[in-house]
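In the numbering used here, the protein residues as written are 4 to 335.
For reference, the structure is listed below as structure tokens.
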Ligand code: NAD
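Now the structure itself:
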């Protein structure tokens, strides 16, 4: 653990300051869909908070962002309870940190792990519930336990099947996002009408899904990539990779880039490859996700109060001025 060289009093004061600032940023980001700062700035301050809390665990308070998933739920929406919480995800910013995480996993399960490596899609998490093959409920992650019921809005999203080819009763989860091309179209339209433009596709997606009038959502053309099957009762699925294949067979939109690796072999290439391709994709990604592939092992590893232990996000470095220039190409 890094020695921060802080007295307890100084740590207490700094934590209070960080909590206040970060919770203000979170409110703007999650509730208003209008971020006050770049994600990299948020991440930097959040990681400082984590480092201090790690040194002084007794200074962790229930309102610390390290204990909270997402933010409050808009009271205008009906509520949905997530019986199995929709959690956040741990993140690392370097290959060394990734290797440390993987070492911990392998120590825990006693052998080299297989990982399913996926892109981290920059949108917002959604849950879809099917009964006898029919979509009956769609919701946002909300605070992880209570989400917003946005069923009618999600029914307007073309890539979401309203009826499955099999009469399954289950819940699936994934990411709702806005393609960069649609973001450009929408912002141009808003600019022409003198309306405020969205800061980025992620905020445009969140603002478009969390609408009280589904007709507005329908006009915004949202998209999805689904990646989690929550209940496997009727499905012959034992790994994350098989879950993705099954989702695809059932008609869901699944990101095509996922691959299985043994240990971290090939992960560096995947990270470099998609780090380079990133700006040319028509959807935002902010990193790469590693998931222990075996679902029984996932269960064994379990979750902390905020994140699953069996998955981690490797976050891409913040965009440089060169990549910002490249991504501006989407706006002309
Ligand atoms: P997160 O977005 O970093 O990670 C968890 C989420 O990743 C999941 O809920 C899911 O929606 C998503 N995800 C995308 N692809 C996935 C895949 N293949 N498999 C599984 N999940 C996938 O965590 P978070 O707690 O929702 O948010 C933290 C992030 O939000 C940070 O990156 C932070 O920078 C940003 N944030 C920014 C501000 C700001 O002011 N700019 C404020 C708060 C949070």
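Positions of the beta carbon are idealized from the N, C-alpha and C atoms, including for glycine.
Span of the alpha helix (DSSP H), counted from its first residue to its last, around residue 303 = 298 to 304
Could you check where the beta strand (DSSP E) with residue 264 kicks off and where it finishes?
-> 262 to 265
Reference residue 295; option with closest CA among 45, 105 and 28 | 105
Short check: CB of residue 46 to CB of residue 94, under 9 Å?
-> yes
Please work out which residues of its chain come closer than 6 Å, Cβ to Cβ, to residue 96, disregarding the five sequence neighbours upstream and downstream, and give them in chain order.
-> 318
Could you say if the segment 18 to 34 and the segment 55 to 69 meet the contact criterion of at least three C-beta pairs nearer than 8 Å?
-> yes
Bridge-paired residues (DSSP) for residue 180 = 226
Are the CB atoms of residue 122 and residue 232 nearer to each other than 9 Å?
-> no
Residue 178 versus residue 72: straight-line alpha-carbon distance, rounded | 16 Å
Please indicate yes or no: does the CB of residue 89 lie closer than 8 Å to some heavy atom of the ligand NAD?
-> yes
Would you tell me roughly how many angstroms separate the C-alpha atoms of residue 241 and residue 175, rounded to the nearest one?
-> 15 Å
Under three-state DSSP, which class holds residue 19?
-> helix
Determine the direct distance from the alpha carbon of residue 197 to that of residue 291, and round the result to whole angstroms.
-> 37 Å
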